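Read top to bottom, the protein sequences are chains A and B.
Going by full-length UniProt numbering, the first sequence opens with residue 1, and the numbers climb by one from there.
Going by full-length UniProt numbering, the second sequence opens with residue 1, and the numbers climb by one from there.
Just so you know, even glycine gets a beta-carbon here, dropped at the ideal spot from N, CA and C.
Model, not experiment: these values are computed from the prediction.
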Amino acid sequence: ICDVPDFSLRARPTGSLTHSLSVPPAIAEIAEKMLTVKHKILVLSGKGGVGKSTFSAHLAHALASDVSKEVAVLDVDICGPSIPRIMGLDGEQVHQSGSGWSPVYVEENLAVMSIGFLLSSPDDAVIWRGPKKNGMIKQFLRDVDWGDLDYLIVDTPPGTSDEHLSIVQYLSTAGIDGAVIITTPQEVSLQDVRKEIRFCQKVKLPIIGVVENMSGFVCPKCKNTSQIFPPTTGGAERMCEELGLRLLGKVPLDPRIGRSCDEGRSFLAEVPDSPAALAYSRIVKSIQEYCSNLLTEEQRLD
Amino acid sequence: MSDVPSNAPEHCPGTTSEKAGKGSACQGCPNQTLCASGATKAPDPAIAEIAEKMLTVKHKILVLSGKGGVGKSTFSAHLAHALASDVSKEVAVLDVDICGPSIPRIMGLDGEQVHQSGSGWSPVYVEENLAVMSIGFLLSSPDDAVIWRGPKKNGMIKQFLRDVDWGDLDYLIVDTPPGTSDEHLSIVQYLSTAGIDGAVIITTPQEVSLQDVRKEIRFCQKVKLPIIGVVENMSGFVCPKCKNTSQIFPPTTGGAERMCEELGLRLLGKVPLDPRIGRSCDEGRSFLAEVPDSPAALAYSRIVKSIQEYCSNLLTEEQRLD
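What follows is the structure, encoded as structure tokens:
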């Protein structure tokens, strides 16, 4: 039961995009725009509240810590855009110029776009049905002046619906390097995450790997570890074994993560030696290696 | 409200939308003239049919949150268990989370299937007086993905309300996905004649959650849906070893308590984190029955009582006005 048309994501842009009659115009325009973006990464989960936006924001911070890299985050969660808050950009507004919409800059080499920047107040509700959300996503991809990017990270809402189909379809010619799937250890999460994995398989979106958040909590007082969200069916580890996916890492619960997100600061910078920050760093490294291997492979095939 | 004909183009706004016939997606559609004439904007007959069906349902409660993963389904399931513990009451849960239906798992009904009869679809029974309906029961496997755009999801929700043979119910609890989109608009619109007693809003303490939850509250205000109150989940964790309390999701801006003060809403209660909740949910058992003396279970019981009082006050008020 699926609304998915048969778009192949392995198509790479050529010089004759705009002459291709079979590609809808917006998709061709977006592919043109994306020629200056080296790597596109989707952050997905079937389940809500597992840490997608937290992960997207901190992946971006980590990649941008190399000041020679240009990084951007595109937040396509239209109803619940968390990225502005998490990246300390609440209240910022988007500006239009001749070359399109300007994203908001966290750092010189770190740009962000979110519907949050188009609201008068962060509490304003965006009560839109699917078609309107799709239109917004198309605009984000086509009309934002991203410039040259090494990495574009796309943060998504939970589910397998309009936003997910649209982002995959609009980027079908441009191509997506892969998806990072976020989960927490319990079966109620994994059940939804397996659906997201099925979605990726159906739309032929490669999966870079899986991140298990909220993976245990160490009491700051007595150092006892509690599994607050118990991995009753083996957690992400077993799911990855069963589905032949790579477990990129497990990140423990740490109250400082939630605090940093609320305060719009990177916890990688705030508590760089925490087990959570170290876990994130290893995960980011794996993603960087995946992306550069992909580039090497494409160059080898050319 | 988003009926999309089979010959409509992609991004059809729906024949009953304000944009029907006038949107950019409508150009070239064979139905464009008809839609633009306004002929398709008559009220959806399903709304009246659903109101008829709902005459045998005393109380309808929506469980909402702007934020994902805060415990809506957990709360819906356990509210249902608690209400159904009075065996003289008939209770049902309707799960309108089409993409991520958690209710079957949480209520121990994974793998169950729905049956059709002359009087419509039969829901699945957890107990004699506790029925459940979810798209989960229509899948061949719990891992099957439902990859649908809005209009198809809306159609499913309409069917759930119109075609399920609920029978006489004291309480119908509707579990929703996070957000303020198709599912939320549809459930409110399809029940607009039947009426909804109110919504319970679920959150966790941190500002990133509250920010989304305030949007949900705005949604309720916009559609004139009364808010019964707010539940704050994951409100602290007591280490089982040393009993030290940690605020794992710190209420940096005052948590649900301050939000409720600011918005004039009732804080129904705060439920602490407890690993036994997650375990019970995974195993499809009610933690209210498994660990009835836990702080979490006691918090839930008080919250349920408040909701029962709200509903019976509403009934008394309606009777007084008649």
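Per-residue DSSP class, three states only, for M248(B)
Taking the first residue of the second sequence as 1, we reach residue 248(B) at position 248. Just to set this straight, residue 248(B) is Ile in the shown sequence, not Met. Coil at I248(B), not helix or strand.
Let me see if you follow: with CB-CB separation under 9 Å, is F267(A) close to chain B or not?
As a working note, residue 267(A) is residue 267 in the first sequence. No, its Cβ sits nowhere closer than 9 Å to a Cβ of chain B.
Whose C-beta lies closer than 8 Å to the C-beta of R214(B) among residues of the same chain, with five residues either side of it excluded?
As a working note, residue 214(B) is residue 214 in the second sequence. Taken in chain order, the residues that qualify are G66, M259, L263.
Where A46(B) sits in the DSSP three-state scheme
The count along the second sequence starts at 1 and reaches residue 46(B) at position 46. If DSSP states are grouped into helix, strand and coil, A46(B) belongs with the helices.
Let me see if you follow: with CB-CB separation under 9 Å, is L273(B) close to chain A or not?
The residue labelled residue 273(B) in the question sits at position 273 within the second sequence. Closer than 9 Å: yes.
Under three-state DSSP, which class holds S226(A)?
On the first sequence, position 226 is the one that residue 226(A) refers to. In the structure shown, S226(A) sits in a strand (DSSP, three-state: E or B).
Taking the CB atoms as reference points, tell me whether A48(B) and A36(B) lie closer together than 9 Å.
Counted from its first residue, the second sequence places residue 48(B) at position 48. Counted from its first residue, the second sequence places residue 36(B) at position 36. Taking 9 Å as the Cβ cut-off, A48(B) and A36(B) do not qualify as a contacting pair.
Give me the Cα-Cα distance between A269(A) and G258(A), rounded to the nearest whole angstrom.
Locating residue 269(A) in the first sequence gives position 269, where the first residue counts as 1. Locating residue 258(A) in the first sequence gives position 258, where the first residue counts as 1. Each residue's alpha carbon lies about 14 Å from the other.
List the DSSP bridge partners of residue 379(A).
No statement about residue 379(A) is possible, as the shown extent of chain A runs from 1 to 302 and does not include it.
Is the CB of S189(A) under 9 Å away from at least one CB in chain B?
Position 189 of the first sequence, counted from the start, is the residue given in the question as residue 189(A). Answer yes: the Cβ-Cβ gap between S189(A) and chain B drops below 9 Å somewhere.
How long is the line joining the alpha carbons of E163(A) and S114(A), rounded to whole angstroms?
Numbered from its first residue, the first sequence carries residue 163(A) at position 163. Numbered from its first residue, the first sequence carries residue 114(A) at position 114. Going from the Cα of E163(A) to the Cα of S114(A) covers about 13 Å.
Just verifying my parser: in three-state terms, what is the DSSP assignment at D192(A)?
Here residue 192(A) is taken as the residue at index 192 of the first sequence, counted from 1. The answer is helix: DSSP assigns D192(A) an H, G or I state.
The region 46–75 of chain A: positions lying closer than 7 Å to chain B by Cβ
G46, K47, G48, G49, V50
Going by DSSP, which residues form a beta bridge with V23(A)?
On the first sequence, position 23 is the one that residue 23(A) refers to. Its beta-bridge partners do not exist; DSSP assigns none.
Mind pulling the chain B residues with CB within less than 8 Å of I167(A)?
As a working note, residue 167(A) is residue 167 in the first sequence. Within 8 Å Cβ-Cβ: nothing; I167(A) doesn't reach chain B, min ~13 Å.
Beta-carbon neighbours of P240(B), restricted to chain A and to distances below 7 Å:
Taking the first residue of the second sequence as position 1, residue 240(B) is located at position 240. Within 7 Å Cβ-Cβ: S226.
In whole angstroms, give me the CA-to-CA distance for V168(A) and P158(A).
As a first step, residue 168(A) is located in the first sequence; it is residue number 168 there, counting from the start. As a first step, residue 158(A) is located in the first sequence; it is residue number 158 there, counting from the start. In a straight line, the C-alpha of V168(A) is about 15 Å away from that of P158(A).
How do the region 215–231 of chain B and the region 201–220 of chain A stand: do at least 3 beta-carbon pairs fall below 8 Å, yes or no?
no
I need the DSSP call for T183(A), collapsed to helix, strand or coil.
Mapped onto the first sequence, residue 183(A) falls at position 183. Reduced to three states, the DSSP call for T183(A) is strand.
Along the chain, where does the beta strand (DSSP E) containing T203(B) start, and where does it finish?
Position 203 of the second sequence holds residue 203(B). Note, T203(B): beta strand (DSSP E), 198–203.
Where do the N-terminal and C-terminal ends of the beta strand (DSSP E) with M133(B) fall, by residue?
Along the second sequence, read from residue 1 onward, the residue named residue 133(B) stands at position 133. Where M133(B) is concerned, the enclosing beta strand (DSSP E) stretches over 130–134.
For L139(B), the three-state DSSP class (helix, strand or coil):
Here residue 139(B) is taken as the residue at index 139 of the second sequence, counted from 1. The answer is coil: DSSP assigns L139(B) none of H, G, I, E or B.
When you compare the CB positions of N109(A) and K69(A), do they come within less than 9 Å of one another, or not?
Here residue 109(A) refers to the residue found at position 109 when the first sequence is read from its first residue. Here residue 69(A) refers to the residue found at position 69 when the first sequence is read from its first residue. Yes, Cβ-Cβ distance for N109(A) and K69(A) is below 9 Å.
8 Å CB neighbourhood of P123(B) in its chain, flanking five on each side removed
Counted from its first residue, the second sequence places residue 123(B) at position 123. Excluding residues within five positions, the ones whose Cβ falls inside 8 Å are A92, V114, A131, V132, M133, V164, D165, W166.
For K195(A), I'd like the list of residues in its chain whose CB is within less than 7 Å of its CB, leaving aside the five on either flank, ordered along the chain.
By 1-based counting over the first sequence, the position of residue 195(A) is 195. The residues are G46, T160.
By the 10 Å Cβ neighbour count, where 16 or more other Cβ atoms means buried, how is C311(B) classified, buried or exposed?
Here residue 311(B) corresponds to residue number 311 of the second sequence, with the count starting at 1. With 16 or more other Cβ atoms within 10 Å, it is buried.
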